[in-house]
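J.:
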Amino acid sequence: MKKPYLLSIGLVFSSTVYASAVQDLRPCTHSSPFTFEHKPAYQALKLTPPLVGYCLPTPNNPREKVCMQGSYQSEKEDDGSYFKMSYWRENQRVLEWRSDGFLMSPADTFAVELINVDGDSAAELVVSVMTGEGMGMGVQSSDIFVIDRQKNTISAPISVEDYGRVSGFYGRSGQACRLLSTSWQSGEDKNGSGLYAQGTWYQLKDKQWLETKAFPKVSRRYLFRFEKEREAAKQPLLWFLDKTTELN
8 MKKPYLLSIG LVFSSTVYAS AVQDLRPCTH SSPFTFEHKP AYQALKLTPP LVGYCLPTPN
68 NPREKVCMQG SYQSEKEDDG SYFKMSYWRE NQRVLEWRSD GFLMSPADTF AVELINVDGD
128 SAAELVVSVM TGEGMGMGVQ SSDIFVIDRQ KNTISAPISV EDYGRVSGFY GRSGQACRLL
188 STSWQSGEDK NGSGLYAQGT WYQLKDKQWL ETKAFPKVSR RYLFRFEKER EAAKQPLLWF
248 LDKTTELN
């Protein structure tokens, strides 16, 4: 007769521990979703058509910048459409890598910001590149890259959905920020089937993204209140602190 009671205590204790792990997290990301209303100060590159390109200076440091350039697919089958990214310091190219993102006119599909990703005294440069946008809810897919400006290295990309709304970096003051990678999934609960935001936490180690067990996985059903929060979001939401969120 005591086993159900003990099981109940265990579940309550587990939920309390999970809730306390995320309770005091705050957004480290300040980038808003990619919209025409919130467009960064892109600098156009002088390139020969059909090449196009734009740059963004590093926050508070105009001597550093990230650029994106390329050309759209031509009539020739072999001329595939892709864009390359590059990181510049003192007018010298330090890093270059290929991106699955794209440029629109005017440019509004990549962003840069300084975030303490590894917990040391120097902030890393986080580059988010939009790779697609769906119909209906307008869910944006983005690749996230992290540049270590001390070692001049770049991380592997990680793909997330709704960066700047329900995906983003979160952390505590003075500690490393972790990436909450969220995707939208169909599911069921006691009230029937619905759409859910499903979030998993990642940390960056040796340029690779590893799932971290320090924070629980989070899931919240997309109901009217959540919809209004998402529509008004100008930076990552603390959506996982809502009382309807499931932690496990």
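Heads up: the sequence shown at position 91 corresponds to 98 in our numbering, and the numbers run straight through without jumps. Note that the Cβ used here is the ideal one computed from N, Cα and C, for glycine as well. Quick caveat, the model's predicted, so the values are computed rather than measured.
1. Give me the residue from Gln157, Gly145, Glu140 with the minimum Cα distance to Glu131.
2. DSSP on Phe41, reduced to helix/strand/coil?
3. What span of residues does the alpha helix (DSSP H) with Ala239 cover, start to end?
4. Going straight from the alpha carbon of Ser162 to that of Gly143, what length do you get?
5. Measuring alpha carbon to alpha carbon, tell me which residue in Tyr229, Gln99, Gln50 is nearest Ser193.
6. Hey, Cys35 and Tyr49 are a contact pair by Cβ (cut 8 Å); roughly how many whole angstroms apart?
7. Are the beta-carbon atoms belonging to Leu52 and Gln76 less than 8 Å from one another?
8. Going straight from the alpha carbon of Gly141 to that of Ser148, what length do you get?
9. Would you say Met92 and Val73 are within 8 Å of each other, going by their C-beta atoms?
10. Can you give me the C-alpha to C-alpha distance between Glu236 and Leu244, rounded to a whole angstrom?
11. Could you spell out the range, first to last residue, of the beta strand (DSSP E) harbouring Leu63?
12. Do Gly126 and Thr116 have their C-beta atoms closer together than 8 Å?
13. Let me know the secondary structure DSSP gives Phe247 once reduced to three states.
14. What ranges does the beta strand (DSSP E) occupy inside the segment 88-112, keeping only unbroken runs of at least 3 residues that lie completely in it?
15. Considering only residues of the same chain and omitting the five flanking positions on each side of Lys224, which have a CB-CB separation below 6 Å?
16. Give the range of the beta strand (DSSP E) segment to which Gly175 is assigned.
17. Using CA coordinates, which residue listed in Pro57, Trp95, Phe90 is at the minimum distance from Thr65?
18. Since I believe Gln205 is in contact with Arg226 (beta carbons under 8 Å), could you give me their beta-carbon distance rounded to a whole number of angstroms?
19. Would you kindly check if the distance between the Cβ of Ser135 and the Cβ of Tyr170 is under 8 Å?
20. Count the other CB atoms, across all protein chains shown, that sit within 10 Å of the CB of Lys83; report buried if there are 16 or more and exposed otherwise.
21. From which residue to which residue does the beta strand (DSSP E) around Ala118 run?
22. Can you tell me whether Trp104 is buried or exposed, with buried defined as 16 or more other CB within 10 angstroms of its CB?
T.: Reading off the structure:
1. Taking only the C-alpha atoms, the option nearest Glu131 is Gln157.
2. Coil at Phe41, not helix or strand.
3. From DSSP, the alpha helix (DSSP H) with Ala239 extends over 231-239.
4. Across the structure, Ser162 and Gly143 are spaced so that their CA atoms are roughly 32 Å apart.
5. Relative to Ser193, the option among Tyr229, Gln99, Gln50 whose CA is nearest is Tyr229.
6. The pair is not a contact, with the Cβ atoms about 23 Å apart (cut-off 8 Å).
7. Contact flag set, yes.
8. Going from the Cα of Gly141 to the Cα of Ser148 covers about 8 Å.
9. Taking 8 Å as the cut-off, the beta carbon of Met92 is found closer than this to the beta carbon of Val73.
10. Computed Cα separation, rounded: 8 Å.
11. Element bounds for Leu63: 59-65.
12. The answer is no: Cβ separation not under 8 Å.
13. In the structure shown, Phe247 sits in a helix (DSSP, three-state: H, G or I).
14. Listed in chain order, they are 89-96, 99-106.
15. Once the five neighbours on either side are set aside, the close Cβ partners of Lys224 are Thr207, Asn255.
16. 175-178 is the span of the beta strand (DSSP E), which, as asked, contains Gly175.
17. Of the listed residues, the one whose Cα sits closest to Thr65 is Trp95.
18. According to the sequence provided, residue 226 is Ser. The question's Arg does not apply to it. Rounded, the Cβ-Cβ distance is 5 Å, consistent with contact.
19. Result yes, Cβ atoms of Tyr170 and Ser135 sit closer than 8 Å.
20. In this prediction, Lys83 scores a pLDDT of 48, lower than 50, which makes its location untrustworthy; the coordinate-derived value is nonetheless stated afterwards. When all chains shown are included, Lys83 counts as exposed.
21. Note, Ala118: beta strand (DSSP E), 117-122.
22. By the Cβ neighbour-count rule, Trp104 is exposed, with fewer than 16 other Cβ atoms within 10 Å of its own.
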